[in-house]
């Protein structure tokens, strides 16, 4: 257990979380850098809690052993017999996973006998992407969509000299099984394009900070780098000079970072350069980079987030939701085997509620990764307490072909026709003392990692696991209160924001707070079409954009029919009158009134409950959460009042319960 | 006539505009720097056009003479007798005015005999404020609300080394009688606060560039400067240390710039510091600075633009339109005699259409300046051709007490109870090669200056005067086309933007392009309250915010009554049904449809007309205007479609003419 700097919150690895391990006699057997990490952790824990590291395995009551007989790079076997708990794994990374498993289980793993259990991650790639810029972007700040301060990686246009925070972060991630990190923003600006070249020494140092925790680093690259960095006249993927430039650049990276993971690429999207400029398609583009990486075992994560962001709101035939499928489904089978297509979970953009992206069901011969967003761009920006575990769980467990078929997680985990792609998310971490701005947003980072390891896990159990680790010595009222605030918070947030799957309604640009018509007449393709008669987007095949047709059965039909479409997604798929009666039995207008009042009221209950914890949690943490919950109360009421006023002004339908509408 | 750099457009002083003077034999009699300027101009003009500067006044056919017998600092007498045109004035500045008068009149002043005419400015202060920052503000750019490139004054955080552009600008302004310039943004940031101190040498150089053209310089200062620059613990206007700090700072400025004009101050407004922090009022604040300036003859222009920019949209009792009157009217009589209260022409913020501010009628014992906006913040940002001469003329000629009383210009020109304040506007100039981004926006700068000199002038005659000077050698089709594009362009812009005086409906922040609900739920106090039934702000005494009561009769009653309120201002004063019939005979909804289609159509006519001038004006100018007119066409159609859709979605009233609504 290495130490966390005194001024930084230890997250889910406070010293007390190690007590059950730290009081034991522990023996660690094996060699290599990750075994050394495990040994260092054990040494620190026992030093803190009175246990010992023993040289004689026979003297140990916790035995961590490298054992080549255990199958699977990242798998471990854990059991307890004859008063000895044993963790076995074929390598250091897996052994470290096993150690943290025991930490999480605590005395449960170190009490009565337990039969051997084998644990292995469902997803071979569990990745966090950082949208960090090396310099501070004038509009987006240093971390794009970051709500937790500046970058922990970069300062003053270069990799930080002091990587202590990065080492601590790597330890936190490694403890929950994250094994890949994207080091820079997918919108690659001019400075960051040179991470491949001028700043490669910094990448080496960052890789060195992550490596002891079993994490490989990736870089976001610009498709135009052969021009902007390399000085070539073009970046055409079929141009041999371009291919040679990438091959050379990749070789230099691997010479410096032999376990480099590969690239993350946003191409031909929101102004980023891409293969379209040369009349090539995304397969040409992705394969260009894949072939450069192939000799070294690297992978390209190629993002499917491609759409027209200069759409004309007057053109109701264009549907941004269709874009990824329209672009990528025809390319199925054309991607090299070290290309992973990274697909946002929904067809739009990380909304609080979207249907699962039909792309995930459409590309049987393509490696797919599902992309989630831990940073809360559209879900309260870490000022609102919104725990997204249930959202991710629903997505990962969603059965794309109905009740009997594979889930989203199954697709990401691979098949006979396409190896696994994995699960990726955008990180929510910055140089904030609590890592995530809102201290309770640490629960999202934790839950994401644990669900990436096992998408079938019960997210509420993971929430409680996180609470137990983060507040190990607190009285039960703390855990109960934090549980009460976070469990259900996703639904609460949905209740007081954009209703029934319609999405957006946020302030353009920064995406915080309500602006019902903010995107309605913009080029962004994010509309709700509200008028005095109704609201929603007709995406049916019968009368709308035909988006429902991108789904396999049964969803193509479930979503098509307004009578079977789930209420939660009604306005995503249908334009209905304000008076339309939901399955819940109330009209759309009344639903808005009811949910917004209820959601806003719950934020007050939460703030009051937290207030009662004063003195039971550290004062600085209490103060920070108090301040955030107050902002959530304010924001939720602002959302409530804007939405209710908007709906009333349009529909003329009064609230059946007669509450105040402004 | 000094030269304009070859790459900068000469605006209304091209060499050819000097031909009538330049072919004459001219004698300039008198001494001093401004007489020297006049003499230099004549020398250059005669050198270019074949005339001569003659030493013998008897040999001259144009005689410019300093004559102490002419009354008035800035007045001149001009006449022609015995084939000699004579300009007489008591000083150099006035003599320069007279010379430019002759230039504008051209051969008319130099042909047949004309009786002596005395010309003197109606407004003693004719000022342009620059909202220039020394450094580039991350959001606002270098010139706040500037649409013509960077600052001509500053680069890299200091006054430019090369002030050639400033000298040219000073010459342009001096030629139309501007006699005061504010050198920096009224939102005073940290660097600019030090213009008073560390950067005073730069101010000296800028003053030196303006002085030969009869223009005094002013600085915008921060009310908090005693703290931020002076290191004092407070900036309380009643604190003797604060008073001493200002006295000392002012003395140092005057030691360096003996003809320094004074200060422009935005206090307690939109986040700027002010006297409220100390429980003092605006009279205390303004008088503090006035007393420091008094010994040196300086003046404080204290802006009345004070309102609550953290308003709650839910609170319909607060009305931003009332704010300036509420704040300042009670202070009438409390301002020192070297304080000028600088009042925006309307109660809101430089909208395309607002009623005249009631503050102008409410402070008989206070010196008032009227503030206009030449930079087109809300009127197309110099991408749209919008000539504002008629707007300013309407405002300046507006009779505040009805048909027989004084006009706005009369109030600004002073009375027995309050000396003149003058006319002020925000400049539209930057380091753009055409000065103003849109070359035709030069007409606004020209017209403002000429109306400040004589508010009773016919603006259309000033437009044609500007056309004649700017395009002196062009075929008549050029003048006709430019006249056709600009005359009526204010109404055209109004037609396709926010209707009937309701204002705003622009994109928040940058204020370009439509966003009907963009400000509807914000803290800015700029609402239209549209719903399915109607639109507009009830500002009546009977049922609304009572704003109409801030006007004297007859306007308090004209505006109060929906049947007498002018259509142009209907939605500023009243909330009416979409079906409300205007005096024009159509409903509000139909009015929106009709005006928006008509306005957008006129932009197409203008663009087509300009296209036909290819080859008749310089190619670079033609290209620039072509590009801008194309953007205006695009923008006008975007405005049209958003407004029509918005109104239809709310009202459900179809267009009687069946045009396409999206």
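Protein chains in written order, with the numbering used here: chain A, 1 to 662; chain B, 663 to 1324.
Here a beta-carbon is modelled for each residue, glycine too, at the ideal position from N, C-alpha and C.
Going by other Cβ atoms of all chains shown within 10 Å of its Cβ, with 16 needed for buried, is residue 1250 of chain B buried or exposed? As a working mapping, residue 1250 of chain B is identified with position 588 in the second chain. Under this definition residue 1250 of chain B is a buried residue.
Confirm, please, whether the CB-CB distance from residue 1234 of chain B to residue 945 of chain B is below 9 angstroms. What you label residue 945 of chain B is simply residue 283 of the second chain in a count that begins at 1. What you label residue 1234 of chain B is simply residue 572 of the second chain in a count that begins at 1. Going by C-beta atoms, residue 945 of chain B is not nearer than 9 angstroms to residue 1234 of chain B.
If you run the structure through DSSP and keep just helix, strand and coil, what is residue 2 of chain A? On the first chain, position 2 is the one that residue 2 of chain A refers to. Its pLDDT being 45, under 50, residue 2 of chain A is placed unreliably in this model, and the value from its coordinates should be taken loosely. Residue 2 of chain A falls in the coil class under three-state DSSP.
Between residue 661 of chain A and residue 578 of chain A, how many whole angstroms is the CB-CB distance? I'm expecting something under 8 angstroms. Here residue 661 of chain A refers to the residue found at position 661 of the first chain. Here residue 578 of chain A refers to the residue found at position 578 of the first chain. About 14 angstroms; that fails the 8 angstroms criterion.
Chain B contacts from the segment 621-648 of chain A (Cβ-Cβ distance under 7 angstroms): Residues 641, 642.
Sequence-distant residues of the same chain with beta carbon closer than 6 angstroms to residue 492 of chain A, five excluded per side: In the first chain, residue 492 of chain A corresponds to position 492, counting from 1. So the list reads 599, 602, once near-sequence residues are dropped.
Looking at chain B, is there any beta carbon in it that lies within less than 9 angstroms of the beta carbon of residue 506 of chain A? Position 506 of the first chain, counted from the first residue, corresponds to residue 506 of chain A. Between residue 506 of chain A and chain B, the shortest Cβ-Cβ separation is not below 9 angstroms.
Collapsed DSSP secondary structure at residue 664 of chain A in the structure displayed: Because chain A in this structure spans residues 1 to 662, residue 664 of chain A falls outside the shown range and cannot be described.
Can you list, in chain order, the residues of its chain whose CB lies under 6 angstroms from that of residue 23 of chain A, leaving out five sequence neighbours each side? If you number the first chain from 1, residue 23 of chain A lands on position 23. Cβ within range, chain order: 49, 50, 51.
Which chain D residues sit within Cβ distance under 7 angstroms of residue 532 of chain A? Protein chains A and B are contained in the structure displayed, whereas chain D is not.
Give the interface partners of residue 138 of chain A over in chain B, defined as CB-CB distance under 7 angstroms, in chain order. Your numbering for residue 138 of chain A matches position 138 in the first chain. Under the 7 angstroms cutoff, chain B gives 800.
Please name the residue in B:1210, B:695, B:1166 whose C-alpha comes closest to that of residue 1218 of chain B. Translated into positions along the second chain, residue 1218 of chain B becomes position 556. Just measuring C-alpha positions, the residue of B:1210, B:695, B:1166 sitting nearest residue 1218 of chain B is B:1210.
At the 9 angstroms Cβ level, is residue 1179 of chain B part of the contact set with chain A, yes or no? Sequence index remark: in the second chain, residue 1179 of chain B carries index 517 (1-based). By this cut-off, residue 1179 of chain B is an interface position.
C-alpha gap between residue 205 of chain A and residue 134 of chain A, whole angstroms: Counting from 1 along the first chain, the entry for residue 205 of chain A is found at position 205. Counting from 1 along the first chain, the entry for residue 134 of chain A is found at position 134. Going from the Cα of residue 205 of chain A to the Cα of residue 134 of chain A covers about 15 angstroms.
Is the segment 785-801 of chain B touching the segment 1118-1125 of chain B, taking contact as three or more C-beta pairs under 8 angstroms? Cβ pair count under 8 angstroms is below three, so no.
Note down the Cα distance separating residue 1230 of chain B from residue 1163 of chain B, rounded to an integer number of angstroms. Locating residue 1230 of chain B in the second chain gives position 568, counting from the first residue. Locating residue 1163 of chain B in the second chain gives position 501, counting from the first residue. If I take the Cα positions, the gap works out to 6 angstroms.
Residue 903 of chain B lies in the alpha helix (DSSP H); which residues open and close that run? Start at 1 with the first residue of the second chain, and residue 903 of chain B comes out as number 241. Secondary structure note for residue 903 of chain B: its alpha helix (DSSP H) is the uninterrupted segment 902-918.
Quick one: does residue 1182 of chain B have its CB under 9 angstroms from some CB of chain A? Working through the second chain from its first residue, we reach residue 1182 of chain B at position 520. So, interface residue.
Could you confirm whether any beta carbon from chain B is found closer than 9 angstroms to the beta carbon of residue 320 of chain A? The residue given as residue 320 of chain A occupies position 320 in the first chain. Closer than 9 angstroms: no.
Anyone know if the C-beta pair for residue 71 of chain A and residue 93 of chain A falls short of 9 angstroms? For the purposes of this step, residue 71 of chain A is identified with residue 71 of the first chain, where counting begins at 1. For the purposes of this step, residue 93 of chain A is identified with residue 93 of the first chain, where counting begins at 1. Contact: no.
Whose C-alpha, out of A:386, A:303, A:318, A:311, is nearest the C-alpha of residue 345 of chain A? As a first step, residue 345 of chain A must be located in the first chain, where it is residue number 345. Ranked by how close their Cα comes to the Cα of residue 345 of chain A, the residues A:386, A:303, A:318, A:311 have A:303 in first place.
Beta-carbon within less than 6 angstroms of residue 657 of chain A's beta-carbon, same chain only, minus the 5 sequence neighbours each way: which residues are those? Position 657 of the first chain, counting from 1, holds the residue named residue 657 of chain A. Cβ contact annotation for residue 657 of chain A (same chain, cutoff 6 angstroms, sequence separation greater than five): none.
May I ask you to report which of helix, strand or coil DSSP gives residue 116 of chain A? Taking the first residue of the first chain as 1, we reach residue 116 of chain A at position 116. Assignment of residue 116 of chain A by DSSP, reduced to helix, strand and coil, places it in the strand class.
Just how far apart, CA to CA, sit residue 1107 of chain B and residue 833 of chain B? To locate residue 1107 of chain B, count along the second chain from 1; it is residue 445. To locate residue 833 of chain B, count along the second chain from 1; it is residue 171. If you take the alpha carbons of residue 1107 of chain B and residue 833 of chain B, they lie about 13 angstroms apart.
Cβ neighbour criterion (16 or more within 10 Å) applied to residue 575 of chain A: As a first step, residue 575 of chain A is located in the first chain; it is residue number 575 there, counting from the start. Classification for residue 575 of chain A: buried.
Where DSSP assigns a beta bridge to residue 789 of chain B, which residues make up the other side? To locate residue 789 of chain B, count along the second chain from 1; it is residue 127. Under DSSP, residue 789 of chain B shares a beta bridge with B:842, B:1086.
Since I believe residue 707 of chain B is in contact with residue 730 of chain B (beta carbons under 8 angstroms), could you give me their beta-carbon distance rounded to a whole number of angstroms? Taking the first residue of the second chain as 1, we reach residue 730 of chain B at position 68. Taking the first residue of the second chain as 1, we reach residue 707 of chain B at position 45. Cβ-Cβ separation between residue 730 of chain B and residue 707 of chain B: approximately 26 angstroms, too far for a contact (criterion under 8 angstroms).
Please classify residue 665 of chain B as buried or exposed, where buried requires at least 16 neighbouring CB atoms within 10 angstroms. By 1-based counting over the second chain, the position of residue 665 of chain B is 3. Any answer about residue 665 of chain B is weak, because its pLDDT of 48 lies below 50 and its placement is not dependable; what the coordinates show is given next. It is exposed - the Cβ of residue 665 of chain B has fewer than 16 other Cβ atoms within 10 Å.
Tell me, please, whether the CB atom of residue 577 of chain A is closer than 9 angstroms to any CB atom in chain B? The sequence position of residue 577 of chain A within the first chain is 577, counting from 1. Not a single CB atom of chain B sits nearer than 9 angstroms to the CB of residue 577 of chain A.
Quick check: the Cα distance between residue 876 of chain B and residue 692 of chain B, rounded to an integer number of angstroms? Within the second chain, the letter at position 214 stands for residue 876 of chain B. Within the second chain, the letter at position 30 stands for residue 692 of chain B. Here the alpha carbon of residue 876 of chain B sits roughly 16 angstroms from the alpha carbon of residue 692 of chain B.
CB residue 682 of chain B to CB residue 768 of chain B, shorter than 9 angstroms? Indexing the second chain from 1 puts residue 682 of chain B at position 20. Indexing the second chain from 1 puts residue 768 of chain B at position 106. Contact: yes.
Helix, strand or coil, according to DSSP, for residue 435 of chain A in the structure here? Residue numbering aside, residue 435 of chain A sits at position 435 when the first chain is read from its first letter. In this structure, residue 435 of chain A counts as coil in the three-state DSSP scheme.
At a Cβ threshold of 9 angstroms, is residue 1324 of chain B touching chain A? As a working mapping, residue 1324 of chain B is identified with position 662 in the second chain. By this cut-off, residue 1324 of chain B is an interface position.
Nearest-angstrom Cα separation, counted from residue 165 of chain A out to residue 7 of chain A: The residue given as residue 7 of chain A occupies position 7 in the first chain. The residue given as residue 165 of chain A occupies position 165 in the first chain. CA-to-CA, the gap between residue 7 of chain A and residue 165 of chain A works out to about 11 angstroms.
Chain A residues whose Cβ lies nearer than 9 angstroms to that of residue 1176 of chain B: To locate residue 1176 of chain B, count along the second chain from 1; it is residue 514. 521, listed in chain order.
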